[in-house]
Amino acid sequence: MSGGIIPTFAYANQISGHSQEHRSRKYILFFIDISDRKELEQRMNQTQKMQAIGQLAGGIAHDFNNLLTAMLGFCDLLLQKHPAGDPSFVEIMQIKQNSTRAANLVQQLLAFSRRQTLRPTVMDITDVLGELTNLLRRLIGENIELKMHHERNIWLAKVDQSQLEQVIINLAVNARDAMNDGGKLEITTQNVTIGKEFLITPDMVMPTADDKAIAGEFVLVQIKDTGHGIPSDIITKIFEPFFSTKEVGSGTGLGLATVYGIIKQTDGHIIVQSSPGNGTIFSLLFKRHIAEAGDEQGDKQETSGATNLGTSTLNNDLTGEGIILLVEDEAAVRAFAARALSNKGYTVLEAGTGEAALSIVEKRGKDIQIIISDVVMPGLNGPAMVERAKRIFPHLKIIFISGYAEEGLVGSFQIRKKYHFLPKPFTLKQLASKVKEVSLEKEDTSEA
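Given below as structure tokens:
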């Protein structure tokens, strides 16, 4: 017994019958330990809380991405009129730089809400860690010893490399901040089967209840530090957005929230073990990837119908010609995009709704080369509008723009045909590059 409080249900039954000599009533008391039930309730409440915060964060991020698209876009338009050397150049650049910083914060919110766009590939995670070693040494400083231990023949896992790097960097920075007087940071990898090489023990804290049900084969990445540890009263809160024990101004409070979102969106799990004075261990579990017949080509790049030719092959000439139908319900975003493309030589037809866009397509569909459409709009949404437009004019090329992740297109709107995707917020150059890229692509005349 640890001396702690044990939650119980208590039942009392009176014993029937008593003698004249002993008129005092007698009872039998039953105490049932409900610790497991209480723990399950707490985990379910935590799961619901994290889901609710995630939905809120995703909605906020979507709205901010629309605002930031307009802010960054109009900054670019102003910079065309006020180049370097102009008295207004510095002020405009300050607005653009701070808008970019805001966009990075929004990306972290999208990571937490699991609505960012991932590009998973099959890889050996130890290769990524090896490439990060020098960067991690610089990040943690000379007073912290970095040790890496990798088991041989690590299984393959399917992850987004850039997001995995972000996870490791965030956890390493957290560990550094917990070791002000120096210490040791250990990163280890091994193959584990839940219930064999890796046991789920009571001291392991998981963000949501569904993590308790994990089973199967995983690649385990553990990040262990010798820092001051995490008190038990706050350890369940550390993955919440904007929760931080650091001083005001020394962090965004999104580091661990970002880690949580990336791991969950990768279909992985994160576990934390810590106590004051004993350091912290973060355990990351990534599902083992077993290639199936015919998967070799598909493993190189995860695709969902989106085409990504890349802009590196394009020259610096982003001008073009032709007619573009721009469909966007946010007036500010539509105004910026229309001006930007008009300045590059395109003729732009504008629509604020899916219904208005279809009306334009019915009248001028033969002349339109590209449709640029938002995804989520009042009334007829972007993907539904595009499906109907492509039935009439199969030659139309499609670019979807959205503040939500690309994965939502496939999951929510059942997109089957080839399309391009440009996430918000985007700059003038990114928009012009994407349109140029699509315009150079061979015409798709297959039926929708």
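If you're matching positions, the sequence shown starts at 1 in our numbering and goes up one per residue.
Where a beta carbon is used, it is the ideal one built from N, C-alpha and C, also for glycine.
Taking its Cβ as the centre, do 16 or more other Cβ atoms sit within 10 Å of K434, making it buried, or is it exposed? Locating residue 434 in the sequence shown gives position 434, counting from the first residue. With 16 or more Cβ atoms within 10 Å of its Cβ, K434 is classed as buried.
If I measure Cβ to Cβ from L256 and keep anything under 6 Å in the same chain, skipping five residues before and after, which residues do I get? To locate residue 256, count along the sequence shown from 1; it is residue 256. Result list for L256: I238, F239, in chain order.
Once the 5 residues before and after A291 are set aside, which same chain residues still bring their CB inside 6 Å of it? Indexing the sequence shown from 1 puts residue 291 at position 291. Same-chain partners within the cutoff: there are none.
CA nearest to the CA of H149, picked from L139, Q161, I125, V167: One-based indexing of the sequence shown puts residue 149 at position 149. With distances taken between Cα atoms, H149 lies closest to I125.
So, are the CB atoms of V386 and I398 less than 8 Å apart? What you label residue 386 is simply residue 386 of the sequence shown in a count that begins at 1. What you label residue 398 is simply residue 398 of the sequence shown in a count that begins at 1. It is a contact, given that the beta carbons lie within the stated cut-off.
Determine, using beta carbons only, whether I32 and N13 come nearer to each other than 8 Å. In the sequence shown, the residue the question calls residue 32 occupies position 32. In the sequence shown, the residue the question calls residue 13 occupies position 13. No, the Cβ-Cβ distance between I32 and N13 is not below 8 Å.
CB-CB length for N170 against V259, believed under 8 Å: The residue you call residue 170 lines up with position 170 of the sequence shown. The residue you call residue 259 lines up with position 259 of the sequence shown. About 5 Å; that satisfies the 8 Å criterion.
For H62 versus G403, is the C-beta spacing smaller than 8 Å? Counted from its first residue, the sequence shown places residue 62 at position 62. Counted from its first residue, the sequence shown places residue 403 at position 403. Contact flag set, yes.
For the candidate residues D374, S342, V221, whose alpha-carbon lies nearest to that of T69? By 1-based counting over the sequence shown, the position of residue 69 is 69. Nearest option by C-alpha distance: D374.
Looking at the unbroken alpha helix (DSSP H) that takes in Y11, where does it start and where does it end? For the purposes of this step, residue 11 is identified with residue 11 of the sequence shown, where counting begins at 1. Looking at the DSSP string, Y11 is not in any alpha helix (DSSP H); the run it does join, the beta strand (DSSP E), is 8-14.
Do the segment 74-86 and the segment 417-429 make contact, defined as three or more Cβ pairs closer than 8 Å? yes
In whole angstroms, what is the alpha-carbon distance linking G183 and F421? Taking the first residue of the sequence shown as 1, we reach residue 183 at position 183. Taking the first residue of the sequence shown as 1, we reach residue 421 at position 421. Cα to Cα, the separation comes out at about 45 Å.
N- and C-terminal bounds of the beta strand (DSSP E) containing L380: As a working mapping, residue 380 is identified with position 380 in the sequence shown. No beta strand (DSSP E) holds L380; DSSP gives it neither H nor E.
Just verifying my parser: in three-state terms, what is the DSSP assignment at V375? The residue given as residue 375 occupies position 375 in the sequence shown. Note: V375 maps to coil in three-state DSSP.
Along the chain, where does the alpha helix (DSSP H) containing L135 start, and where does it finish? Residue mapping note: residue 135 aligns to position 135 of the sequence shown, counting from 1. Its alpha helix (DSSP H) spans residues 125-140.
Cβ neighbour criterion (16 or more within 10 Å) applied to E458: With the chain covering 1 to 448 only, the question about residue 458 has no answer from this structure.
Integer-rounded CB distance, given that G227 should sit under 8 Å from T280: Taking the first residue of the sequence shown as position 1, residue 280 is located at position 280. Taking the first residue of the sequence shown as position 1, residue 227 is located at position 227. Right, their Cβ atoms sit about 6 Å apart.
Could you tell me if K300 is buried or exposed, where buried requires 16 or more neighbouring beta carbons within 10 angstroms of its beta carbon? Residue numbering aside, residue 300 sits at position 300 when the sequence shown is read from its first letter. Low local confidence applies: a pLDDT of 42 at K300 is under 50, so the model's placement there is unreliable, with the coordinate-based value given in what follows. With fewer than 16 Cβ atoms within 10 Å of its Cβ, K300 is classed as exposed.
In the DSSP assignment, what residue or residues form a beta bridge with G183? Along the sequence shown, one-based indexing puts residue 183 at 183. BP columns for G183 point to I144.
Residue environment, I5, which counts as buried when at least 16 other CB atoms sit within 10 Å: Counted from its first residue, the sequence shown places residue 5 at position 5. Of the residues assessed, I5 falls on the exposed side of the cut-off, its CB having fewer than 16 other CB atoms within 10 angstroms.
By how many angstroms is the C-alpha of A338 removed from the C-alpha of R391? Mapped onto the sequence shown, residue 391 falls at position 391. Mapped onto the sequence shown, residue 338 falls at position 338. Computed Cα separation, rounded: 25 Å.
Assign E441 to buried or exposed, taking buried as 16 or more other Cβ atoms, counted over all protein chains shown, within 10 Å of its Cβ. Indexing the sequence shown from 1 puts residue 441 at position 441. Exposed.
What is the rounded straight-line gap between the Cα of R383 and the Cα of I270? Position 383 of the sequence shown, counting from 1, holds the residue named residue 383. Position 270 of the sequence shown, counting from 1, holds the residue named residue 270. Residue identity differs from the one stated: residue 383 is Pro in this sequence, not Arg. Cα to Cα, P383 sits roughly 35 Å from I270.
Residue nearest to I324 in terms of C-alpha spacing, selected from N316, K287, A357, V333: To locate residue 324, count along the sequence shown from 1; it is residue 324. If we check each option's Cα against that of I324, A357 comes out closest.
Cα-Cα separation, K147 to I263: Locating residue 147 in the sequence shown gives position 147, where the first residue counts as 1. Locating residue 263 in the sequence shown gives position 263, where the first residue counts as 1. Their Cα atoms are separated by approximately 23 Å.
Enumerated in chain order, which unbroken segments of the alpha helix (DSSP H) with a length of 4 residues or greater are wholly contained in the segment 318-351? 331-343
T69 by DSSP, collapsed to three states: which one? Here residue 69 corresponds to residue number 69 of the sequence shown, with the count starting at 1. It is helical.
Under the three-state DSSP convention, the category V63 falls into: Counting from one through the sequence shown, the residue named residue 63 turns up at place 63. The amino acid occupying residue 63 in the given sequence is Asp; Val does not appear at that position. Three-state result, D63: helix.
Report yes if the CB atom of G277 is closer than 8 Å to the CB atom of G216, and no otherwise. The residue labelled residue 277 in the question sits at position 277 within the sequence shown. The residue labelled residue 216 in the question sits at position 216 within the sequence shown. Between G277 and G216, the C-beta gap is not smaller than 8 Å, which leaves the two residues out of contact.
Taking C-beta to C-beta, are R218 and R288 nearer than 8 Å? Position 218 of the sequence shown holds residue 218. Position 288 of the sequence shown holds residue 288. Here residue 218 is Phe; the residue named in the question, Arg, does not match the sequence. Contact flag set, yes.
Buried or exposed: L349, going by 16 or more other Cβ atoms within 10 Å of its Cβ? For the purposes of this step, residue 349 is taken as residue 349 along the sequence shown, with counting starting at 1. The residue is buried, with at least 16 neighbouring Cβ atoms inside 10 Å.
In whole angstroms, what separates the C-alpha of V361 from that of A389? Within the sequence shown, residue 361 is the residue found at index 361, counting from 1. Within the sequence shown, residue 389 is the residue found at index 389, counting from 1. Taking the straight line from one Cα to the other gives about 7 Å.
Do you know how far the Cα of P378 is from the Cα of V159? Position 159 of the sequence shown, counting from 1, holds the residue named residue 159. Position 378 of the sequence shown, counting from 1, holds the residue named residue 378. If you take the alpha carbons of V159 and P378, they lie about 34 Å apart.
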